[in-house]
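*Asks:* Here it is, the structure, as structure tokens.
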Amino acid sequence: MDATIEVRGLSKRYGPTTAVDGLTFTVAPGRVTGFVGPNGAGKSTTMRMIMGLDRPDAGTALVGGRSYRSLRTPLCRLGALLDASAVHPARRARDHLRWLAHANGLPVRRVDEVIELAGLTGAAGRRAGGFSLGMRQRLGIAAALLGDPPVLMFDEPVNGLDPDGIAWMRGLLRSLAGEGRAVLVSSHLMSELEGGADHLVMIGRGRLIADIGVGELLDAASGGRVELRTARRQEAMTVLAHAGATVTAHGTDAVTVAGLDSERIIALLTGAGVTFSGVAAYRASLEEAYMELTRDAVEFQAVTGRVAP
Amino acid sequence: MTGSVMSSVRGGGAGRAVRAEWTKLRTLPSTGWLLFALAGITVAVGAAVTGSVDTADCVTPAACEEDTPRLALSGVRLGQIAAIVLGVLAVGGEYATGTITATLAAVPRRGTVLAAKAAVVAGAVAAAGAVGVLAALAVGRGILPRNGFTAAHGYPPLSPLDGATARAAAGTVLYLVLVALLSLGVATALRDTAAATTAVLALLWIVPIVTRLVGDAAWRERLEKVAPMSAGLAVQSTRDLERLPIGPWPGLGVLAGYAAAAMLVGGVLFAVRDA
């Protein structure tokens, strides 16, 4: 119960623009939930409403069953990194964490613990203005972990990070979920979540497009298709099409086959004397599955040119 | 998972917020410089003004009718700018850098945040203001007799223990605190450092500037009664009180009204607006 975010019918308008439109989803403990959508889909607005920074026009967002604004020690309930650049450039990193700790009555030793956890030990005495984006991200992570919260929320955490930083972030998110915490991570790039998220909440134009497990999504996008590799592609495609399959050529020697299972394909090709080098279940990429689901949302934006903030 | 850290949480909400705001204020280098400037300008300008007045310029020393404590404390007219900037930066700086998000994430209750900011800004300005005011009186006490303002001429040495001077000194410290709170309230409402600083400076100086252009004495007096700086600084007067447009404490009350209104408007907007 503590480690959840429940969003129910959440809506937010900015003037004539509807940023979030009746959004409902739950972030469950023990897994990384990817929060995906094109830029302007309403991800940041939703996160700001969860934290009580912006007031929803309708609906509720609960953290561990309570509204954020009613929490007495919110840093112990939800840790968030919304904007890594939002630190005072003239303040030292340790002092930034120290005032946050004071605000929730946390012991100062906790500041040193999170500095070490985030890998900032050598830089804690420096002013945040001199930090690289990667170091600011680490400072933001340290701040999010300060209250050892059961729920964590990161807005585009790998934006601007180098490959080492991305790998570090991915490992961190995994280990936080592994400890039983609920972790919500937004991204506009599905590829960033490949191998990182267990569950996906996809939105477009402020509306829910899909709330689905990553495995389930990939199964659906793969659609029971089979990938065939053969040097004699034309002959293979003719044989399989005659047997009623839908075939699509891609790459130099690959064919994606829908409508026939592997065994049947092997039998047909062997019977016709067409050689092949491999037959395997087709695995769609997360990106591919995502593109299919969000196509409508993206098209709408391209046509009207109206993108929610 | 959360047990160890949460069980070590200490203190009540308001006390924690004040402690956080105090840490925030004292860990910015600008705070120290501003408080130093507040006291320093008050003393330096006070000394310059006091030093420029001499009984030799009057028919008789007594005819100068100089309000010497007021003279010694006149540096706050410029020193208050540091208090304005400090009050504005306390919240305007958070909007400029985006830390307001972190502040509201840690303390979601807007009223508590603003009250805590008001407490630490008031405390810091009161401390620096008291140092500046006492030092300005001490410096004035040294300068005045050399320019003929002696007890023999009806100008007793300045002392913060003297009734009227004590009121002027304490009132001047309160004046600085109220100006800082006015600035905090305006900055909370406007959420912009430059706009808030400009607005407060305009509010304080527009009437003193306009009254010079107003020929009609009755109108001038009316304006000085309701203007925050003219009315507020009436608290520095120690003689000829009956000739003032407004009494010392009622004058400070006018400024307190402006500060309270700014804090109220800022507080309401802070509570109802999206961060």
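Protein chains in written order, with the working numbering: chain F, 1 to 309; chain S, 1001 to 1275.
Don't be surprised by glycine CBs; every beta carbon is placed ideally from N, CA and C.
#1: If you reduce the DSSP assignment to three classes, tell me which class Ser285(F) lands in.
#2: Taking Cβ positions, are Ala124(F) and Ala93(F) nearer each other than 8 angstroms?
#3: Considering Cα atoms alone, identify which of Val201(F), Ile50(F), Ala245(F) and Ala249(F) is closest to Arg232(F).
#4: Thinking C-alpha only, which one of Leu1073(S), Leu1182(S), Gly1046(S) and Cys1064(S) is nearest Leu1255(S)?
#5: In the DSSP output, which residue or residues are listed as bridge partners for Asp211(F)?
#6: So, Tyr1175(S) versus Gly1232(S), is the Cβ gap smaller than 8 angstroms?
#7: Where does the unbroken beta strand (DSSP E) through Asp21(F) begin, and where does it stop?
#8: On a Cα-Cα basis, can you pick out the residue from Val201(F), Gly129(F) and Thr275(F) that is closest to Leu293(F)?
#9: Determine the DSSP secondary structure at Ala308(F), reduced to helix, strand or coil.
#10: Hey, Gly165(F) and Gly134(F) are a contact pair by Cβ (cut 8 angstroms); roughly how many whole angstroms apart?
#11: Residues in the same chain with beta-carbon distance under 7 angstroms from Gly129(F), minus the five sequence neighbours each way, listed in chain order, please.
#12: Taking the beta carbon of Asp1240(S) as the centre, do at least 16 other beta carbons fall within 10 Å, making it buried, or is it exposed?
#13: Considering Met153(F), what are the terminal residues of the beta strand (DSSP E) in which it resides?
#14: Roughly how many angstroms separate the alpha carbons of Tyr290(F) and Leu217(F), rounded to a whole number?
#15: When you compare the CB of Pro157(F) with every CB in chain S, is at least one pair closer than 8 angstroms?
#16: Can you pull the chain F neighbours of Leu1104(S), defined as C-beta to C-beta under 7 angstroms?
#17: Determine, using beta carbons only, whether Arg1019(S) comes closer than 8 angstroms to chain F.
#18: Would you say Val1009(S) lies against chain F (beta-carbon separation less than 8 angstroms)?
#19: Which residues of the region 61-84 of chain F have a Cβ closer than 7 angstroms to any Cβ of chain S? Give them in chain order.
#20: Of all the CB atoms in chain S, is at least one closer than 8 angstroms to the CB of Arg264(F)?
#21: Does the Cβ-Cβ distance between Gly1046(S) and Val1125(S) come in under 8 angstroms?
#22: Find the residues of chain F that neighbour Arg1016(S), judging by a C-beta separation of less than 8 angstroms, and give them in chain order.
#23: Quick check: what's the CA-CA separation for Asp198(F) versus Gly213(F)?
#24: Tell me whether Ile1209(S) is buried or exposed, calling it buried when 16 or more other Cβ atoms sit within 10 Å of its Cβ.
#25: Around the Cβ of Leu10(F), are there at least 16 other Cβ atoms within 10 angstroms (buried) or fewer (exposed)?
#26: Let me check understanding here. Comparing Cα to Cα, which of Ala86(F), Gly180(F) and Arg264(F) lies closest to Ser132(F)?
#27: So that I know if they touch, is there some Cβ in chain S lying closer than 8 angstroms to that of Gly178(F)?
#28: Which complete beta strand (DSSP E) runs does the region 251-276 of chain F hold, if anything under 3 residues is left out?
#29: With Tyr14(F) as the anchor, note down where its beta strand (DSSP E) starts and where it stops.
#30: For chain S, is any of its Cβ atoms less than 8 angstroms away from the one on Asp112(F)?
#31: Looking at the unbroken alpha helix (DSSP H) that takes in Arg1016(S), where does it start and where does it end?
#32: Write down every uninterrupted run of the beta strand (DSSP E) in the region 1182-1224 of chain S whose length is 3 residues or greater and which is fully enclosed by it, in chain order.
#33: Where DSSP assigns a beta bridge to Ser70(F), which residues make up the other side?
#34: Give the single residue among Leu189(F), Leu139(F), Gly215(F) and Pro29(F) whose Cα lies nearest to the Cα of Ile203(F).
#35: Quick check on Leu1071(S) - is its C-beta less than 8 angstroms from some C-beta in chain F?
#36: Could you pull out every residue in the same chain whose Cβ sits closer than 6 angstroms to the Cβ of Ser262(F), ignoring the five residues on either side in sequence?
*Replies:* Taking the coordinates as given:
#1: Residue mapping note: residue 285(F) aligns to position 285 of the first sequence, counting from 1. Ser285(F) falls in the coil class under three-state DSSP.
#2: The residue given as residue 124(F) occupies position 124 in the first sequence. The residue given as residue 93(F) occupies position 93 in the first sequence. For Ala124(F) and Ala93(F), yes; Cβs fall inside 8 angstroms.
#3: Mapped onto the first sequence, residue 232(F) falls at position 232. If we check each option's Cα against that of Arg232(F), Ala249(F) comes out closest.
#4: The sequence position of residue 1255(S) within the second sequence is 255, counting from 1. It is Leu1182(S) whose Cα lies nearest to the Cα of Leu1255(S).
#5: In the first sequence, the residue the question calls residue 211(F) occupies position 211. Asp211(F) pairs with Val201(F).
#6: Looking up residue 1175(S) in the second sequence gives position 175. Looking up residue 1232(S) in the second sequence gives position 232. Yes, the pair counts as a contact, with Cβ atoms nearer than the cut-off.
#7: For this step, residue 21(F) is matched to residue 21 along the first sequence. That run of the beta strand (DSSP E) goes Thr17 to Val27.
#8: Taking the first sequence and counting its residues from 1, the one referred to as residue 293(F) is at position 293. Nearest C-alpha to Leu293(F): Val201(F).
#9: Reading the first sequence from its first residue, position 308 is the one you call residue 308(F). Residue placement at Ala308(F) is flagged as unreliable, the pLDDT there being 42, under the threshold of 50; the coordinate-derived value follows with that caveat. Note: Ala308(F) maps to coil in three-state DSSP.
#10: Counting from one through the first sequence, the residue named residue 165(F) turns up at place 165. Counting from one through the first sequence, the residue named residue 134(F) turns up at place 134. Indeed they touch by this definition, with Cβ atoms about 5 angstroms apart.
#11: Here residue 129(F) refers to the residue found at position 129 when the first sequence is read from its first residue. Result list for Gly129(F): Pro89 and Ala90, in chain order.
#12: In the second sequence, the residue the question calls residue 1240(S) occupies position 240. Result: exposed.
#13: The residue you call residue 153(F) lines up with position 153 of the first sequence. Segment Val151 to Asp155, the beta strand (DSSP E) holding Met153(F).
#14: For the purposes of this step, residue 290(F) is taken as residue 290 along the first sequence, with counting starting at 1. For the purposes of this step, residue 217(F) is taken as residue 217 along the first sequence, with counting starting at 1. If I take the Cα positions, the gap works out to 9 angstroms.
#15: By one-based count along the first sequence, residue 157(F) stands at place 157. Judged by the 8 angstroms Cβ criterion, Pro157(F) is not in contact with chain S.
#16: Here residue 1104(S) refers to the residue found at position 104 when the second sequence is read from its first residue. Correct list: Leu53.
#17: Translated into the one-based positions of the second sequence, residue 1019(S) becomes position 19. Answer yes: the Cβ-Cβ gap between Arg1019(S) and chain F drops below 8 angstroms somewhere.
#18: By 1-based counting over the second sequence, the position of residue 1009(S) is 9. So yes, Val1009(S) belongs to the interface.
#19: Tyr68, Arg69, Leu71, Arg72, Thr73, Pro74, Leu75, Cys76, Ala80, Leu82 and Asp83
#20: One-based indexing of the first sequence puts residue 264(F) at position 264. Not an interface residue.
#21: On the second sequence, position 46 is the one that residue 1046(S) refers to. On the second sequence, position 125 is the one that residue 1125(S) refers to. No, the pair does not count as a contact, with Cβ atoms beyond the cut-off.
#22: Position 16 of the second sequence holds residue 1016(S). Here the neighbours are His102, Ala103, Asn104 and Gly105.
#23: As a working note, residue 198(F) is residue 198 in the first sequence. As a working note, residue 213(F) is residue 213 in the first sequence. About 6 angstroms.
#24: As a working note, residue 1209(S) is residue 209 in the second sequence. Ile1209(S) is exposed by the Cβ-count criterion.
#25: Counting from 1 along the first sequence, the entry for residue 10(F) is found at position 10. Counting Cβ neighbours within 10 Å, Leu10(F) comes out buried, since at least 16 surround it.
#26: On the first sequence, position 132 is the one that residue 132(F) refers to. Closest by alpha carbon: Ala86(F).
#27: For this step, residue 178(F) is matched to residue 178 along the first sequence. Taking Cβ atoms only, chain S never reaches closer than 8 angstroms to Gly178(F), which makes this a no.
#28: 254-258
#29: Locating residue 14(F) in the first sequence gives position 14, counting from the first residue. Taken as a continuous stretch (DSSP letters only), the beta strand (DSSP E) holding Tyr14(F) covers Ile5 to Tyr14.
#30: As a position in the first sequence, residue 112(F) is number 112, starting the count at 1. Judged by the 8 angstroms Cβ criterion, Asp112(F) is not in contact with chain S.
#31: The residue given as residue 1016(S) occupies position 16 in the second sequence. Counting along the chain, the alpha helix (DSSP H) containing Arg1016(S) begins and ends at Gly1013 to Arg1026.
#32: none
#33: For the purposes of this step, residue 70(F) is taken as the residue at position 70 of the first sequence. Answer is none; Ser70(F) lacks a bridge partner.
#34: Within the first sequence, the letter at position 203 stands for residue 203(F). When only C-alpha atoms are compared, the closest one is Leu189(F).
#35: Numbered from 1 along the second sequence, position 71 holds the residue referred to as residue 1071(S). No - not a single Cβ of chain F is within 8 angstroms of the one on Leu1071(S).
#36: Taking the first sequence and counting its residues from 1, the one referred to as residue 262(F) is at position 262. Once the five neighbours on either side are set aside, the close Cβ partners of Ser262(F) are Val226 and Val279.
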